[in-house]
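> Before I ask anything, here is the structure I am working with.
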Amino acid sequence: MFAQRQFTVRAPQPRVWDLLAMVIYQELPLEQVDIVSLDRFRALLKWRAGFINFPLHVEGRLIDTLRPESYGCIILVKRGPIQMDVKVAMRLKALDQDRTEVLCSATIEGKETLMGLALRGLQRNFALKMFDSIGARLEWLCS
Amino acid sequence: MDHQAIETDVVVVGYGSAGAAAAITANDHGARVLVLEKMPAGGGNSRLSAAMLISATGPGAVQHVDALCFGKTNRKVIEAYVDGCMKIKDWIREMGGDTVIYQNPVVTYPTSGFPCWPNVPGWEHTELLRVAGGAGDELPAMPLWRLLTHNVERRGIKVMTGTPARNLVTNQKGEVVGVVAEGKQGEISIQAQKAVILTCGGFEYNEEMKDAFLPLTPIYAIGNPGNTGDGIAMALEVGAALWHMNAFHGWFVFKASEYEAAFTIRFHTPGFIYVDKDGRRFANEMGSEVHEVSKMVMSFMPHRPNHPHLPAYAIFSDTTRRKGPLSGIVSGANDYKWSLDNSKEVAKGWITMGRTTGELARRISVNEENLTKTVARYNEYCKMGRDIEFDRSRETLEPVEGAPVYAIEIWPGVGTTSGGPRWDREARVVNRQGKPIPRLYAAGGVSSMWGFLTLSGGGLSDAIVFGRIAGQNAAAEERWM
Numbered sequence: 451m452f453a454q455r456q457f458t459v460r461a462p463q464p465r466v467w468d469l470l471a472m473v474i475y476q477e478l479p480l481e482q483v484d485i486v487s488l489d490r491f492r493a494l495l496k497w498r499a500g501f502i503n504f505p506l507h508v509e510g511r512l513i514d515t516l517r518p519e520s521y522g523c524i525i526l527v528k529r530g531p532i533q534m535d536v537k538v539a540m541r542l543k544a545l546d547q548d549r550t551e552v553l554c555s556a557t558i559e560g561k562e563t564l565m566g567l568a569l570r571g572l573q574r575n576f577a578l579k580m581f582d583s584i585g586a587r588l589e590w591l592c593s
Numbered sequence: 003m004d005h006q007a008i009e010t011d012v013v014v015v016g017y018g019s020a021g022a023a024a025a026i027t028a029n030d031h032g033a034r035v036l037v038l039e040k041m042p043a044g045g046g047n048s049r050l051s052a053a054m055l056i057s058a059t060g061p062g063a064v065q066h067v068d069a070l071c072f073g074k075t076n077r078k079v080i081e082a083y084v085d086g087c088m089k090i091k092d093w094i095r096e097m098g099g100d101t102v103i104y105q106n107p108v109v110t111y112p113t114s115g116f117p118c119w120p121n122v123p124g125w126e127h128t129e130l131l132r133v134a135g136g137a138g139d140e141l142p143a144m145p146l147w148r149l150l151t152h153n154v155e156r157r158g159i160k161v162m163t164g165t166p167a168r169n170l171v172t173n174q175k176g177e178v179v180g181v182v183a184e185g186k187q188g189e190i191s192i193q194a195q196k197a198v199i200l201t202c203g204g205f206e207y208n209e210e211m212k213d214a215f216l217p218l219t220p221i222y223a224i225g226n227p228g229n230t231g232d233g234i235a236m237a238l239e240v241g242a243a244l245w246h247m248n249a250f251h252g253w254f255v256f257k258a259s260e261y262e263a264a265f266t267i268r269f270h271t272p273g274f275i276y277v278d279k280d281g282r283r284f285a286n287e288m289g290s291e292v293h294e295v296s297k298m299v300m301s302f303m304p305h306r307p308n309h310p311h312l313p314a315y316a317i318f319s320d321t322t323r324r325k326g327p328l329s330g331i332v333s334g335a336n337d338y339k340w341s342l343d344n345s346k347e348v349a350k351g352w353i354t355m356g357r358t359t360g361e362l363a364r365r366i367s368v369n370e371e372n373l374t375k376t377v378a379r380y381n382e383y384c385k386m387g388r389d390i391e392f393d394r395s396r397e398t399l400e401p402v403e404g405a406p407v408y409a410i411e412i413w414p415g416v417g418t419t420s421g422g423p424r425w426d427r428e429a430r431v432v433n434r435q436g437k438p439i440p441r442l443y444a445a446g447g448v449s450s451m452w453g454f455l456t457l458s459g460g461g462l463s464d465a466i467v468f469g470r471i472a473g474q475n476a477a478a479e480e481r482w483m
């Protein structure tokens, strides 16, 4: 696991799950989203690291998605020598009737490449930034 | 012209999901079955659908479906539907397939999926499924369609494509005893020793019927061009009663003159609003299940000159344009691949661009002052997190800001009409006195049980559930000769 965040949202678990999918796709800098099958999509990820833009073609596949407990996606990133499968998982847990804990994690699936390892810091920053913005958006929506 | 005569037990008119389910079931109950399909290939609207299926997890789902039908469908029919939905998973398994819970791969707007109507009680007793499988970039419905056709073929059920049924044949007792069809070499008389099952689609491409029955004009068709109301006309000739004739389900669409079918319009991000010719919003853009958005434009506002709100326009930002293709989320009948960033459609003039909202308004001939104010007001609501005009939900308040700004003309679109010959819980077509017309059954788009609203997956489930009921009951009929 290369990035993890945990936050609490002031809303019941099913409500947070329903918002989660919307918020993820609103916060991720995706363009040209193409739904290719019932559980897969392709898109252009406008990844920006500092002043450098890295537009990456990605393919997403839903996994372990079960209302209202979990939401997951394997994202296949491909650009030149960069190729990796990133598993993004969101696990929801009701703390009580009105509060839900969300645990976000990002993991590299399969074999690590040298290029992937070299970019690990950038990936971590990107993932944490996304998790933070998802958390902030959820908090705002449920405030 | 040659004249051919064929004899069988059950004739199924139309080869989509309802027809396949009816044919398989009738065959499995001992009947000889012949399927007629007027198009060169089967599949109908089922093949173009998102292939969602409703599974009921308990009889509590009756309350939900009943509420959606607004009293337009007999409770016993609804009970039969829910009972069939409770068995749908097992039937798919018996056919050699498997089901999985349906999840949208990405969120699109207006939203669809599950639950469709969370505020209508009873939805907790339903699930949204799809048939497992699917390879590459094939249409979403292919796993289901492949499963059905495989089961038809392995039973040796004969399917005659390119063979439209022209009329039903009745005997002196008023029983439906056959069909006259138009074969490739001439007319074919088909004797049906047990029954005829109509499963041949709605009237989406029959302009005369749409004009007579649907509440607005125009309502553009999206799906299978073979759906011209043939089964309804045949049923009327033998005295069938009608139901649900003004109900239809579909999306907002864009109609390009060079294509027969319209293009469904949906967004990958909520950064858009709908306005009418006055340049004013007229509804909560996210306030309806996606199959029922057309109901937004049916309200009548006597103090406004633009009644109803047509043509309407979706106004959206450059961020929204780049997020994903406006059409293609639901498979359409046109052989056209919408560009992923909508740039091709801007270049074609299907999408209009303006450097400012005012310029856009002038280009689409909408009141400039109103549109500018409407967009500015909506963006204010986004900042506030509250839509004080239409109560659009907070999570969907994404501004339409920046330059350029875009518009696409939208009209109501029909995926499937609901009306047709009235039938009972046994899928028997009834006459105007409410009595079954002997040996005539119907299922699927030719006449749906959905009387007012529907569910995502509701049409396909209806087709399979009542296709199976019709197939079983048709096979159980005594041979008339």
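So the protein lines, in turn, are chains A and B.
Each step along the first sequence adds one to the number in the working numbering, with nothing skipped, and position 108 is 558.
Each step along the second sequence adds one to the number in the working numbering, with nothing skipped, and position 420 is 422.
Backbone N, C-alpha and C fix where the C-beta goes; we use that ideal spot for every residue, glycine too.
Keep in mind it's a predicted model, so treat the numbers as computed, not measured.
1. Which class does B:Met162 belong to by DSSP, given the choice of helix, strand or coil?
2. Our contact map puts B:Thr354 next to B:Tyr408 with C-beta atoms below 8 Å; I'd like the distance itself, whole angstroms only.
3. Going along the chain, which residues of its own chain have a beta-carbon closer than 7 Å to the beta-carbon of A:Arg490, five neighbours each way excluded?
4. Kindly say whether B:His270, judged by its beta-carbon, lies nearer than 8 Å to any beta-carbon of chain A.
5. Assess contact between the segment 120-127 of chain B and the segment 481-496 of chain A, defined as three or more Cβ pairs (one per stretch) separated by less than 8 Å. Is contact present?
6. By how many angstroms is the C-alpha of B:Lys175 removed from the C-alpha of B:Leu442?
7. Do the segment 567-586 of chain A and the segment 420-432 of chain B make contact, defined as three or more Cβ pairs closer than 8 Å?
8. Which runs of the alpha helix (DSSP H) at least 4 residues long sit entirely within the segment 30-100 of chain B? Give them in chain order.
9. Can you list the alpha helix (DSSP H) stretches of 4 or more residues lying completely in the segment 530-575 of chain A, in chain order?
10. Excluding sequence positions up to five away, which residues of its chain have a Cβ less than 6 Å from the Cβ of A:Ile524?
11. Expressed to the nearest angstrom, what Euclidean distance is found between the alpha-carbon atoms of B:Ala243 and B:Ser449?
12. Relative to the C-alpha of B:Asn369, which candidate in B:Tyr338, B:Thr101, B:Tyr315 has its C-alpha closest?
13. Just how far apart, CA to CA, sit B:Arg379 and B:Glu287?
14. Taking C-beta to C-beta, are B:His311 and B:Gly461 nearer than 8 Å?
15. Taking only beta carbons into account, state which residues of the segment 315-335 of chain B come closer than 8 Å to chain A, listed in chain order.
16. What do you reckon, are the CB atoms on B:Ile224 and B:Gly417 nearer than 8 Å?
17. Check whether chain B comes within 8 Å of A:Glu481, counting only Cβ atoms and requiring the distance to be less than that.
18. By Cβ distance below 7 Å, which residues in the same chain neighbour B:Asp213 in space, the five residues on each side in sequence not counted?
19. Counting beta carbon pairs with one atom in the segment 86-104 of chain B and one in the segment 160-178 of chain B, are three or more of them shorter than 8 Å?
20. Do B:Glu479 and B:Ala197 come within 8 Å of each other at the CB atom, strictly closer than that value?
21. Give the single residue among B:Asp280, B:Phe205, B:Ser57 whose Cα lies nearest to the Cα of B:His305.
22. Which one of B:Arg394, B:Thr398, B:Ile90, B:Val67 has the shortest CA to CA distance from B:Arg285?
23. Contact between the segment 265-274 of chain B and the segment 317-328 of chain B: three or more CB pairs below 8 Å?
24. Using C-beta distances below 8 Å, list every residue in its chain close to B:Gly180, excluding the 5 sequence neighbours before and after it, in chain order.
25. Does the segment 387-406 of chain B touch the segment 48-67 of chain B, meaning 3 or more C-beta pairs lie closer than 8 Å?
26. Is the Cβ of A:Gln463 closer than 8 Å to any Cβ of chain B?
27. Does B:Pro112 pass the burial test, meaning 16 or more other C-beta atoms within 10 Å, or should it be called exposed?
28. Can you give me the C-alpha to C-alpha distance between B:Val108 and A:Ser555, rounded to a whole angstrom?
29. Tell me, please, which residues DSSP counts as bridged to A:Cys592.
30. I'd like the ranges of any beta strand (DSSP E) spanning at least 3 consecutive residues and lying wholly in the segment 288-325 of chain B.
31. Quick check: the segment 498-508 of chain A against the segment 539-554 of chain A, are at least 3 beta-carbon pairs closer than 8 Å?
32. Alpha carbons only, please: which of A:Trp590, A:Val527, A:Leu572, A:Met472 is nearest the one belonging to A:Phe501?
33. In whole angstroms, what separates the C-alpha of B:Ala476 from that of B:Glu155?
34. Tell me where the alpha helix (DSSP H) around B:Ala194 begins and ends.
35. Kindly list the residues whose CB is nearer than 6 Å to the CB of B:Leu36, restricted to its own chain and excluding five residues on each side of it in sequence; keep chain order.
36. Less than 8 Å between CB atoms is the rule here; does B:Pro107 satisfy it with respect to chain A?
Well, looking at it:
1. strand
2. With a Cβ gap of about 7 Å, B:Thr354 and B:Tyr408 count as contacting.
3. Glu509, Gly510, Arg511
4. yes
5. no
6. 13 Å
7. no
8. 46-50, 63-71, 77-88, 90-96
9. 564-568
10. Arg511, Ile513, Asp535, Lys537
11. 11 Å
12. B:Tyr315
13. 15 Å
14. no
15. Correct list: Arg324, Lys325, Gly326, Pro327, Gly330, Ile331.
16. Against a cut-off of 8 Å, the Cβ pair of B:Gly417 and B:Ile224 comes out as a contact.
17. yes
18. Answer for B:Asp213: Thr219, listed in chain order.
19. Counting C-beta pairs with one atom in each stretch, the segment 160-178 of chain B and the segment 86-104 of chain B have fewer than three that are closer than 8 Å, which means they do not touch.
20. yes
21. Closest in C-alpha terms to B:His305, from the list B:Asp280, B:Phe205, B:Ser57, comes B:Asp280.
22. The sequence given here places Ala at residue 285 of chain B; Arg does not occur at that position. Nearest of B:Arg394, B:Thr398, B:Ile90, B:Val67 to B:Ala285, Cα basis: B:Arg394.
23. yes
24. Val13, Leu170, Val171, Ser191, Ile192, Gln193, Ala194, Val198
25. no
26. no
27. When all chains shown are included, B:Pro112 counts as buried.
28. Rounded to the nearest whole angstrom, the CA to CA distance from B:Val108 to A:Ser555 is 19 Å.
29. Beta-bridge pairing links A:Cys592 to no other residue.
30. 314-319
31. Judged by Cβ distances under 8 Å, the segment 539-554 of chain A makes no contact with the segment 498-508 of chain A, as fewer than three pairs qualify.
32. Closest by alpha carbon: A:Leu572.
33. 20 Å
34. That residue, B:Ala194, is in no alpha helix (DSSP H); its beta strand (DSSP E) goes 188-200.
35. Thr10, Val13, Lys160
36. yes
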